[in-house]
Amino acid sequence: MPVFEYRGVTPEGQDVAGVIDADTLRGARGKLKRLGVFPTAVSEGSRTAEVAFAGAGLLGRSLRPKEVALFTRQLATLFSAGLPVTDALTAVLEQADRRALTKLVTDIREAVREGRALADALERHPGVFSPIYVQMVRAGEAGGDLDEVFQRLAEFLEAQVRLRDRVWAALAYPMFLCVIGGVVLAVLMVVMIPRVTAMFADLHRVLPLSTRVLIAGSHLLTRHGGELVVSGLLGAAGLAWYFSTPGGRIRRDTWALNLPVFGRVSRSVAIARLARSLGTLLASGVPLLAALDIAKRVMGNVVLERAIDRARDGIAEGKGLAQILARTGVIPPVLTHLIAIGEKSGDLDGMLLKAAEVFDHEAEAAVNGVTSLLAPMMVLVMGLLVLFIVMAILVPIFELSEGVR
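One point on numbering: in the numbering used here, the residue at position 31 of the sequence shown is 31, and numbering is uninterrupted.
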């Protein structure tokens with residue numbers, strides 16, 4: 001169905017704009033009037049607008065997680081104030097300052113106006129709204145507590161954004177040092193070293209081992225740098241393909257969990273995602289088995305996901321969640337103990353959210369510990385490499401000066 005972009009005025013005198021689907025231009029004008037919008041300009045939309053309106057998930061890739069969290073927080077506030085869904089979406093649309101967000105909210109609003117459930121309208125944009133998001137909204141619509149569900153979703157997304165920002169902020173300085181150090185070394189090896197070591201070419205004497213190693217490395221990068229880069233890219237592509245296979249994913253995720261120091265970070269982040277997702281789903285009224293199926297997808301680790309699958313099968317047989325998770329051997333005891341307390345007290349969702357906070361702090365502490373060691377270690381390595389280069393150049397010069405004397 002064609003998509004039309006429009007501008008118009010509401011009965012209250014507010015200017016509105018967006019996209020709408022209709023068979024013809026006249027049909028688009030008639031549909032706008034039935035929706036209470038007096039159109040001032042209607043034109044057939046571009047192919048980009050059609051794709052975005054179709055909900056293929058493409059426009060979601062241009063939205064940042066912070067924007068999705070803000071959108072959710074705005075809806076939570078508006079629903080708490082008692083606004084209907086369409087009015088709340090209209091209010092959000094009026095505040096939207098990016099074209100991608102405007103088209104997204106317009107599409108959702110039009111779908112709701114046509115009689116679709118809000119969860120179904122959100123599901124049309126899988127690139128924006130995860131299965132957890134959609135399932136919680138569906139449960140909220142069924143239970144009549146959309147305001148509480150969106151409050152939980154806003155807290156859930158904001159917590160994920162905070163954790164992601166903390167991790168990236170902690171890693172930013174070591175990554176900056178690595179990039180700058182690599183560029184400096186590359187310039188030295190490719191540009192500076194060949195000019196300095198050219199004076200040794202006419203010397204009919206054996207150069208020190210360090211100087212010979214330095215010259216060989218410089219010649220390798222200078223003459224075969226392109227081949228090395230292409231080989232590295234091909235190797236990375238092959239490794240990425242292998243990790244995309246079922247066996248490769250298992251091997252990669254097993255390594256990720258068993259790496260010294262970094263394995264702790266990987267495990268803590270995955271468990272925090274699981275606990276927060278599962279707790280949020282349960283608090284929204286989603287059954288435990290369905291919540292486990294949805295929450296395991298956000299962990300990003302196949303080994304841990306398989307442990308959750310085994311736990312799900314055990315729960316279906318009538319066993320307790322904490323008991324089954326403890327037997328997997330990959331779930332931290334802290335989580336199983338908190339789950340056991342939640343099962344006994346009847347507050348499983350609350351204990352899971354507390355567990356998410358515990359593992360958030362653990363992941364942040366682990367990342368801070370790693371980065372506090374990485375930065376000085378990288379500085380030390382860079383200093384040793386520079387010292388090696390300087391000594392490899394100066395030693396033969398000193399030997400030459402001694403021979404002249």
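Built from N, CA and C at the ideal position, the CB exists for glycine as well.
Please read all numbers here as calculations on a predicted model, not as lab measurements.
Per-residue burial, residue i [other beta carbons within 10 Å of its own, 16 or more giving buried]
i	result
D23	exposed
G279	buried
P349	The amino acid occupying residue 349 in the given sequence is Asp; Pro does not appear at that position. The residue is buried, with at least 16 neighbouring Cβ atoms inside 10 Å.
H125	buried
F156	buried
R64	exposed
S345	exposed
F150	buried
L234	exposed
L25	exposed
D15	exposed
T245	exposed
E362	buried
M377	exposed
D253	buried
V184	exposed
L338	buried
K69	With the sequence shown as reference, residue 69 is identified as Ala, and Lys is not the correct amino acid for it. Classification for A69: buried.
G342	buried
Residues bridged to residue i (per DSSP)
i	result
P39	G8
D97	Looking at the DSSP assignment, D97 forms no beta bridge with any residue, so it has no partner.
D15	V9
8 Å Cβ shell around residue i - same chain, five flanking residues per side excluded
i	result
V379	L177
L146	F79, V85, L118, V137 and G140
R152	M136, T280, A283 and S284
G315	The residue asked about is misnamed: residue 315 is Ile in this sequence, not Gly. Once the five neighbours on either side are set aside, the close Cβ partners of I315 are L288, L289, L292, L321 and I324.
I331	I271, L304, A307 and L325
E364	L163, R166, V167 and A170
S372	none
A76	D147, F150, Q151, L153 and A154
Y410	What is shown of the chain runs 1 to 405, which leaves residue 410 out entirely.
P396	F200, L203, L207, P208 and T211
Beta-carbon contacts of residue i that lie in its chain and below 6 Å, excluding the five residues immediately before and after
i	result
A111	A121
A56	Confidence at A56 is low in this model, with a pLDDT of 39, below 50, so its placement is unreliable and the value that follows should be read with caution. Closer than 6 Å at the Cβ level, and outside the excluded window around A56, lies no residue.
F129	L122
Q74	V92
Beta carbon of residue i nearer than 9 Å to that of residue j
i	j	result
A256	N301	yes
S210	F388	yes
A311	T328	yes
G181	M382	yes
L274	V298	yes
L228	L221	yes
R99	E67	no
S268	A366	yes
F262	R251	no
Near the ligand MN: residue i beta-carbon under 8 Å from a heavy atom
i	result
E158	In terms of ligand content, the structure shown is empty, and the ligand MN therefore cannot be addressed.
Own chain residues within Cβ distance below 7 Å of residue i, not counting five before or after
i	result
V105	L89, V92, L93 and A96
L32	Y6, G8, I20 and P39
A340	A322
P11	G36
V42	F4, Y6, L25, A28 and R29
I258	The sequence as given places Asn at residue 258; Ile does not occur at that position. Correct list: empty, nothing qualifies.
R276	F156, A159, L353 and A356
R47	For R47, the pLDDT reaches just 42, beneath the cut-off of 50, and the residue's location in the model is therefore unreliable, although a value from the coordinates is still provided. Here the set comprises nothing.
G217	M189
The region 188–202 contacting the region 161–174, beta-carbon criterion three pairs below 8 Å: no
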